[in-house]
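Novice: Per full-length UniProt numbering, the sequence shown starts with residue 1, numbered consecutively.
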Amino acid sequence: MEANYIVVRFGELTTKGKNRKLFTQKLLKNAKEILFEFPQLQYQLQYDRLYIYLNGANHLLVNEKLKTVFGIHSFSNAYKFEKDLDVVKDAIAKMINEDTKTTFKINTKRSDKTFPKKSQDINREIAGHVFHHVDRQLKVDVHHPEMLVTVEIRHDAIYVMTNVIKGAGGYPVGIGGKALLMLSGGIDSPVAGYLTLKRGVDIECVHFAAPPYTNEFAREKVFDLVDKLRHYTHGQITVHVVNFTKLQLAVYDHCDESYAMTVMRRMMYRIGEKLAIKNHCLALVNGESIGQVASQTLDSMNVINQVISIPVLRPVLCLDKLEIIDIAQKIDTYDISIRPHEDCCTIFTPKAPATKPKSYKAEAFEATFDYETYVNECVENVETIVVDANYKNDEEIF
Ligand code: ATP
Ligand code: MG
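(1) Does the Cβ of D224 have 16 or more other Cβ atoms within 10 Å, making it buried, or fewer, making it exposed?
(2) Check whether the segment 159-171 and the segment 115-128 touch, using three or more Cβ-Cβ pairs below 8 Å as the test.
(3) Note the first and the last residue of the continuous beta strand (DSSP E) segment covering D202.
(4) Tell me, please, whether the segment 290-310 touches the segment 263-278 by the rule of three or more beta-carbon pairs shorter than 8 Å.
(5) Which word fits C318, buried or exposed, when buried means at least 16 other C-beta atoms lie within 10 angstroms of its C-beta?
(6) Could you tell me the alpha carbon to alpha carbon distance between I331 and H73, rounded to whole angstroms?
(7) Flag this pair as touching only if the segment 62-71 and the segment 95-107 have three or more C-beta atom pairs under 8 Å; answer yes or no.
(8) Helix, strand or coil for M1? Go by DSSP, reduced to three states.
(9) Can you find a heavy atom of ligand 1 that lies under 6 Å from the Cβ of H234?
(10) Determine whether the beta carbon atoms of F365 and A250 lie at a separation below 7 Å.
(11) With which residues is R9 paired in a DSSP beta bridge?
(12) Distance cutoff 7 Å, beta carbons only. Does A3 sit that close to anything in chain C?
(13) Going straight from the alpha carbon of V386 to that of V239, what length do you get?
(14) Once you ignore the five residues that flank E82 on each side, which residues in its own chain have a CB closer than 8 Å to its CB?
(15) Since I338 contacts K228 with CB under 8 Å, what's their CB separation in whole angstroms?
(16) Could you have a look at I126 and say whether DSSP puts it in helix, strand or coil?
(17) Rounded to whole angstroms, what is the Cα-Cα separation between Q40 and V173?
(18) Would you say L249 touches ligand 1, meaning its beta carbon is less than 6 Å from a heavy atom?
(19) Run through the segment 284-327 for me and flag every whole alpha helix (DSSP H) of 4 or more residues, listed as ranges in chain order.
(20) Please state whether the Cβ-Cβ distance between H144 and L183 is less than 7 Å.
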């Protein structure tokens, strides 16, 4: 028997009171866009569940996509029946006969309290029917059954399920507004982006490129990373590519080598903030992790963070590199991130950057050139590209 439905359970949404409807509708919208390859699916949103009628679609393929929808706690492949217990009993006996060798358990949940039989009685009745119709020795095991059959009696129908698949958790993307992710080609920033999306905050990305010092492989890497991240959204992510070369060269002309990194990152933050405001993003997000490199000591973060006033989210701040790598592997960005490339930061990396920079020194270096003009130029000339399902065929990107 092929499952014909998917029953989706919401996670933390259940605690959100009045906002619940907003949450579930956002989740439905995101799910539809992530499942766009299956136009035959039909959706029915109820108070505490989303029911998806497969309408001929392969449930295994749909399961894989559904695992990336944030806001889903778990889901089950299901069989929908009219409210006729005899039909349900026969079907369950058949399922167990086909798939179970040793033990089973029937777990009935009766959300329709007008249904004339109690859950315990239904469990017993179905189990009895199974024993009668299966031609080998099977036992009921209430603790560790080989097959757990859940029978949900709802107002409109009875659903029978034999699996529970863990969902992506978190909140539906977009419910928490939007932030601008500073995306390098490294390991940390895509993970920071994923974790932000998981909390329901949508993202746009900004990437700083320094052509001709950085090449099209570095660029391709960034877009391949975005292509992975977009699967956790509603299907598309906007990327802003900043040509950083002139400003970066000016920084290196006007700053002592030990301060070049600090000043360069202050410039990135300034540009990031302007782009964020322009694009309705309420915060910057980056892959900084305390102590990872010279620019990520608390002293450095202070001096760098000072130049802007919107919040900077650092989702991987307290994770070890190995923990970040684990997530990168899980979301399939790791292999892209470790492709060799030149990042604008790595090319100009000074040999001995200050680990305890002082604001007044950074300001003194910045006062020696008209950096604002460069910053504004970077913002005005930004190249904006939407990465969606067609991106590999889009010749304009490369
Ligand atoms: P990652 O941190 O993503 O692994 P990385 O280690 O090369 O890359 P760092 O030098 O640690 O980058 O920079 C810290 C953070 O600054 C990055 O996580 C990213 O958010 C941001 N960043 C660095 N370089 C760039 C860039 N070229 N474009 C956009 N953001 C960048
Ligand atoms: Mg890093």
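Idealized CB from N, CA, C, for every residue including glycine.
Specialist: So, to answer that:
(1) Of the other Cβ atoms in all chains shown, 16 or more fall within 10 Å of the Cβ of D224; this residue is therefore buried.
(2) no
(3) 202-209
(4) yes
(5) Counting Cβ neighbours within 10 Å, C318 comes out exposed, since fewer than 16 surround it.
(6) Cα-Cα distance, rounded: 18 Å.
(7) No, the segment 62-71 is not in contact with the segment 95-107.
(8) coil
(9) no
(10) no
(11) R49, S74
(12) Of the protein chains in this structure there is only one, and it is not chain C.
(13) 6 Å
(14) Closer than 8 Å at Cβ, skipping near neighbours: A157, I158.
(15) Actually they do not touch by this definition, with Cβ atoms about 14 Å apart.
(16) Helix at I126.
(17) 24 Å
(18) no
(19) 298-305
(20) no
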